[in-house]
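No gaps in the numbering here: position 251 of the sequence shown is 255 in the numbering used here, and each next residue is one more. Since the structure comes first, as structure tokens, the remarks are kept for the end.
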Amino acid sequence: MVVKTQQYYVPAQSPWPIVGALGLFLLASGAGLWAAGIGGIAGPVVFAAGTLVMTVMLFGWFGNVIKESHAGLYSDQMDRSFRQGMSWFIFSEVMFFGAFFGALFYARVLAVPWLGGAGNNAMTNAVLWPDFSASWPLLQTPGGIETTAMGWFGLPLINTVILLTSSVTAHLAHLALLQERRPRLKQWLGLTVVLGLTFLTLQVWEYVHAYEELGLRLDSGIYGNTFFLLTGFHGAHVTLGTLMLFIMWLRVRKGHFTPAQHFGFQASSWYWHFVDVVWLCLFVFVYIL
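Quick look at the structure:
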């Protein structure tokens, strides 16, 4: 049994923050080069390097925190700090996606009607784009690039069911932990990880379908931009959430966590439920409306 100290633990200097910053820089740079088609194979290689660095960082940083926790270095005050930190992190993610949903709202409700001559903007329509038809999704750019909208039925609906199911399995895993039913905990948590991987696989399939069959790309005007930015960043968060849950599954198999002490598991569960809620908003505002 771990005996907690009531002194506030201050860890030694750690290399993991700078390693994480490097990983994020490589991910962003690789994604930008890859999307822009610059440098040939450089984009995918840099992106893969960023993924590797981030994976090493997460396992290393989580490993340090696990060792410190099992050594009894964390007090109740430290637990509160962890909870506040995770709460603020999720709040920052809410603001992050809020900015992209705000851009989608601006384009659909304000910019597109203005270009169509709504209100007092008839002159704008006549000068900038006289043949423009104000409708959403915007399937033709001023430069003449045409695309096809991604429907909500099919893969998006299947992925919605998968994520909703994963939220249920994550909750059942939490209940199993509180009831000290570890075999069920392993099963439900493992199933949640599998559902997350299935979602990501189907999203890749959806992107291939969009690029090859629908002509829906990042350069397909504001519709293509908002579609891939919102769904792509969400996919990145699903990837991180799946990795977090997988680490929790490994810890469960090693006998970690008790009904009274399991904030690592709880924080990962919070994050996963947040990711699911964001997807529901995406499904409604990006795919259906």
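Cβ atoms here follow ideal geometry from the backbone N, Cα and C, with glycine treated the same way. Just so you know, these numbers come straight off a predicted model, no measurement behind them.
Counting of Cβ neighbours within 10 angstroms places isoleucine 22 among the exposed residues, the total staying below 16. Approximately 6 Å separates the beta-carbon atoms of leucine 30 and valine 50; this is inside 8 Å, confirming the contact. By the neighbour-count criterion, in which a residue is buried when 16 or more other Cβ atoms sit within 10 angstroms of its Cβ, glycine 34 is buried. In the DSSP annotation of this structure, tryptophan 133 is not part of any alpha helix (DSSP H), being labelled neither H nor E. Taking 8 Å as the cut-off, the Cβ atoms of valine 197 and tryptophan 276 do not count as close. The bridge partners DSSP lists for glutamate 150 are Gln144. Selection Leu176, Thr202 and Phe203 evaluated against lysine 190 yields Leu176 as nearest (Cα-Cα). Bounds of any alpha helix (DSSP H) do not take in leucine 218, whose DSSP letter is neither H nor E.
Listed in chain order, the beta strand (DSSP E) runs fully inside the stretch 142–207 amount to none, counting runs of at least 3 residues.
For the pair valine 242 and glycine 200, the CB atoms are nearer than the 8 Å cut-off.
Going by beta carbons, leucine 204 and valine 256 fall outside the 8 Å limit. Where glutamine 17 is concerned, there is no enclosing alpha helix (DSSP H), because DSSP gives it neither an H nor an E. Of the residues assessed, valine 290 falls on the buried side of the cut-off, its CB having 16 or more other CB atoms within 10 angstroms. Around glycine 64, the same chain offers Trp20 as residues with beta carbons nearer than 7 Å, after the five sequence neighbours per side are excluded. In the assembly as shown, histidine 238 is a buried residue. Its beta-carbon has 16 or more other beta-carbons within 10 Å. Tyrosine 227 places its beta carbon less than 8 Å from that of threonine 151. Taking a 10 Å sphere around the C-beta of alanine 214, we find 16 or more other C-beta atoms and assign the residue as buried.
Taking a cut-off of 8 Å for Cβ pairs, the stretch 134–147 and the stretch 216–230 touch, as three or more such pairs fall below it. In the DSSP assignment, valine 116 falls within the unbroken alpha helix (DSSP H) covering 116–119. DSSP, reduced to helix, strand and coil, places serine 79 outside both helices and strands of the structure shown, so it counts as coil.
The three-state reading of DSSP puts phenylalanine 261 in coil, since its state is none of H, G, I, E or B. Distances from the CA of leucine 233 to each of Ser18, Phe101, Gly44 and Arg84 were compared; the closest alpha carbon is that of Phe101. A direct Cα-to-Cα measurement between glycine 245 and glycine 67 gives close to 17 Å. Counting only the Cα atoms, threonine 128 lies some 43 Å from leucine 167.
In the DSSP assignment, histidine 277 falls within the alpha helix (DSSP H) that extends over 267–286.
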